[in-house]
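Residue numbers for the sequence shown follow the numbering used here, beginning at -18 and rising by one.
The C-beta atom is built at its ideal place from N, Cα and C for all residues, glycine as well.
Bear in mind that the values here come from a model prediction, so they are computed numbers and not experimental data.
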Amino acid sequence: MTKKKTSKKQDFCFEDMPILKSKKKASAKHKPSDFFKAHDKVAKALLQSLEDNDAGAFLEILDAYLRVNRTKAARETNLSRTTVQQALSNKGNPTIRTIAKIVHQSVA
């Protein structure tokens, strides 16, 4: 019988690892939706993406904002919820007025 070569990774066993205890409050709870509820933060992020000439980031920020605040945005812009939902979808073809209303509502 020939002896097979084994790597160090194969000799590794999780049972041999020491158990480490972490501090109780070492991690903070983070809710991404909280960021999109603050209009000033959304406005700064949208402005920064426009200054960087990054249209993809602008649309991504606006889409994420609308995922969190879709009903509120529809109510405040006097647009239907479907119009707001389809405005940034792949099949959507919104007018500049629709985008302007949504952006104004998101930063105001």
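When the five nearest sequence neighbours on each side are left out, the beta carbons in the same chain lying within less than 8 Å of the beta carbon of Lys18 are those of Val49, Asn50, in order along the chain.
The criterion of a C-beta distance shorter than 8 Å is not satisfied by Val65 and Leu27. In this structure, Lys22 sits away from Thr58, with a CB-CB distance that is not shorter than 8 Å.
Setting aside the 5 residues that flank it on each side, Phe39 is surrounded in the same chain by Leu27, Ser30, Leu31, each with a C-beta closer than 8 Å to its C-beta; the list follows chain order.
Comparing alpha carbon positions, the residue from Asp44, Arg62, Arg56 closest to Ser14 is Asp44.
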